[in-house]
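Trainee:
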Amino acid sequence: LSYAPRDRAFDGRFRAIRVRVSRPHGRVQARKGYLALRTALPVPALPHEAPALARLDAREAPGDVPLRVQALQFPQGEGEARVPILVEAEPGGLEDLTILVLVRDAGGQVVAKASQQYALPLAEASRGPVLFYREVRLPAGLYSLEAVAQDARSSRGGRASASLEVPRGEPGRLRASSLMVVRRAEKLAAGREGDPGPLEYQDVLLYPDLGPRLRRGSGQPLAFFLRAWPAPGRPGVDARVEVLRSGRP
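Each residue of the sequence shown is one higher than the one before, counting from 4 in the numbering used here.
Written out as structure tokens, the structure is:
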């Protein structure tokens with residue numbers, strides 16, 4: 004059995020419910036309640052995600068917490084990609100921060116959800132940005148991403164969006180990942196085992212620049228990174244990158 008609640012205020016709070024039957028010996032198995040959320044999700048929402056989801060449902064556009072989001076695609080066979088999702092937040096003065104990302108397909112349906120809760124003492128929160136990282140696998144198609152940051156104590160938040168296209172791979176053709184501008188690189192520990200991540204190159208971990216525009220002083224390097232898979236029998240790859248300044252090459 005299901006029902007539609009009369010209270011249409013989707014505030015993310017937990018609402019208790021009780022199910023009873025009129026027969027004296029009936030046995031009932033039912034949920035104790037539900038989170039008041041409008042968005043249909045592929046997996047249940049976690050308690051710490053509810054306020055952030057409610058803010059997305061309300062279509063609020065908070066600007067208290069600067070937020071940037073980016074998704075990159077790395078082909079994994081034909082018609083599927085490994086997609087790193089990165090969100091950067093400036094958490095100055097926050098103590099209980101949740102970062103949540105929803106991935107929607109071209110029809111607007113949520114196909115992936117990821118979140119992380121951060122306990123940020125004030126002394127640590129002012130040191131620098133928080134970097135959120137998750138990976139999902141997506142088939143070929145067009146996607147939109149919605150990222151939201153929500154502080155449980157102060158109700159301060161931020162919101163950002165991005166788009167991503169996962170191209171449909173063709174047999175026997177060149178495949179390439181997203182082009183990424185590298186902000187910095189970090190040396191990896193020696194002797195690491197397991198499958199290397201898409202942002203690992205040799206013995207370093209690469210951190211992308213999430214800003215829509217780049218600022219570099221005179222003489223400062225600008226590093227790019229991408230992966231390419233040549234077509235069978237054609238091992239050579241010729242790559243060209245065009246850099247625009249104020250809209251001009």
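Ideal placement from N, C-alpha and C gives every residue a C-beta, glycine not left out.
Anyone know if the C-beta pair for residue 213 and residue 71 falls short of 9 Å?
Mentor: Stepping through the sequence shown from its first residue, residue 213 is reached at position 210. Stepping through the sequence shown from its first residue, residue 71 is reached at position 68. Cβ distance < 9 Å, so residue 213 and residue 71 count as in contact.
Trainee: For residue 203, which beta-bridge partners are listed by DSSP?
Mentor: Residue numbering aside, residue 203 sits at position 200 when the sequence shown is read from its first letter. Answer is 208, bridged to residue 203.
Trainee: Residue 198 by DSSP, collapsed to three states: which one?
Mentor: Locating residue 198 in the sequence shown gives position 195, counting from the first residue. DSSP places residue 198 in coil when its eight states are reduced to three.
Trainee: Taking the alpha carbon of residue 209 as the point to measure from, which residue in 224, 217, 216, 191 has its own alpha carbon closest?
Mentor: Along the sequence shown, one-based indexing puts residue 209 at 206. The shortest C-alpha separation from residue 209 is found at 191.
Trainee: Does the Cβ of residue 162 have 16 or more other Cβ atoms within 10 Å, making it buried, or fewer, making it exposed?
Mentor: As a working note, residue 162 is residue 159 in the sequence shown. Buried.
Trainee: Under DSSP, the alpha helix (DSSP H) around residue 60 begins and ends at which residues?
Mentor: Against the sequence shown, residue 60 aligns to sequence position 57. Where residue 60 is concerned, the enclosing alpha helix (DSSP H) stretches over 53-60.
Trainee: Check whether the stretch 215-223 and the stretch 232-242 are in contact - that is, three or more C-beta pairs closer than 8 Å.
Mentor: Taking 8 Å as the limit for Cβ pairs, the verdict is that the stretch 232-242 does not touch the stretch 215-223.
Trainee: Since I believe residue 37 is in contact with residue 89 (beta carbons under 8 Å), could you give me their beta-carbon distance rounded to a whole number of angstroms?
Mentor: Within the sequence shown, the letter at position 86 stands for residue 89. Within the sequence shown, the letter at position 34 stands for residue 37. Wrong, their Cβ atoms sit about 32 Å apart, outside the cutoff.
Trainee: Of all the options 251, 183, 249, which has the alpha carbon lying nearest to the alpha carbon of residue 226?
Mentor: The sequence position of residue 226 within the sequence shown is 223, counting from 1. Out of 251, 183, 249, 183 has the C-alpha closest to the C-alpha of residue 226.
Trainee: Quick check: does the Cβ of residue 84 come within less than 8 Å of any heavy atom belonging to the ligand MG?
Mentor: This structure lacks the ligand MG; in fact it carries no ligand of any kind.
Trainee: Quick one: what does DSSP say residue 252 is sitting in, helix, strand or coil?
Mentor: Counted from its first residue, the sequence shown places residue 252 at position 249. Coil, per DSSP.
Trainee: Between residue 147 and residue 76, is the Cβ-Cβ spacing less than 9 Å?
Mentor: Position 144 of the sequence shown, counted from the start, is the residue given in the question as residue 147. Position 73 of the sequence shown, counted from the start, is the residue given in the question as residue 76. The answer is no: Cβ separation not under 9 Å.
Trainee: What is the DSSP secondary structure of residue 284, reduced to helix, strand or coil?
Mentor: The first residue shown for the chain is 4 and the last is 252, placing residue 284 beyond what the model contains.
Trainee: Which residues in the same chain have their Cβ closer than 6 Å to the Cβ of residue 103, if we skip the five residues on either side of it in sequence?
Mentor: The residue given as residue 103 occupies position 100 in the sequence shown. Closer than 6 Å at Cβ, skipping near neighbours: 52, 55, 118, 151.
Trainee: Within its chain, find whatever has a CB closer than 8 Å to the CB of residue 20; leave out the 5 residues flanking it on each side and keep chain order.
Mentor: One-based indexing of the sequence shown puts residue 20 at position 17. Correct list, in chain order: 33, 34, 35, 36, 37.
Trainee: Where does residue 50 sit, in a helix, a strand or coil, going by DSSP?
Mentor: Locating residue 50 in the sequence shown gives position 47, counting from the first residue. The answer is helix: DSSP assigns residue 50 an H, G or I state.
Trainee: Use the C-beta contact count for residue 196: other C-beta atoms within 10 angstroms, 16 or more gives buried, fewer gives exposed.
Mentor: In the sequence shown, residue 196 corresponds to position 193, counting from 1. When all chains shown are included, residue 196 counts as exposed.
Trainee: Taking the straight line between their C-alpha atoms, what separation do you get for residue 98 and residue 110?
Mentor: On the sequence shown, residue 98 is found 95 positions in, with the first residue counted as 1. On the sequence shown, residue 110 is found 107 positions in, with the first residue counted as 1. Between residue 98 and residue 110, the C-alpha separation is close to 36 Å.
Trainee: Does residue 198 pass the burial test, meaning 16 or more other C-beta atoms within 10 Å, or should it be called exposed?
Mentor: Sequence index remark: in the sequence shown, residue 198 carries index 195 (1-based). Answer is exposed; the Cβ neighbour count stays below 16.
Trainee: Measure the C-alpha to C-alpha separation of residue 158 and residue 175 and round it to an integer number of angstroms.
Mentor: Taking the first residue of the sequence shown as position 1, residue 158 is located at position 155. Taking the first residue of the sequence shown as position 1, residue 175 is located at position 172. Rounded to the nearest angstrom, the two C-alpha atoms are 52 Å apart.
Trainee: Under the DSSP definition of a beta bridge, which residues are partnered with residue 88?
Mentor: Translated into positions along the sequence shown, residue 88 becomes position 85. In DSSP, residue 88 forms a bridge with 74, 137.
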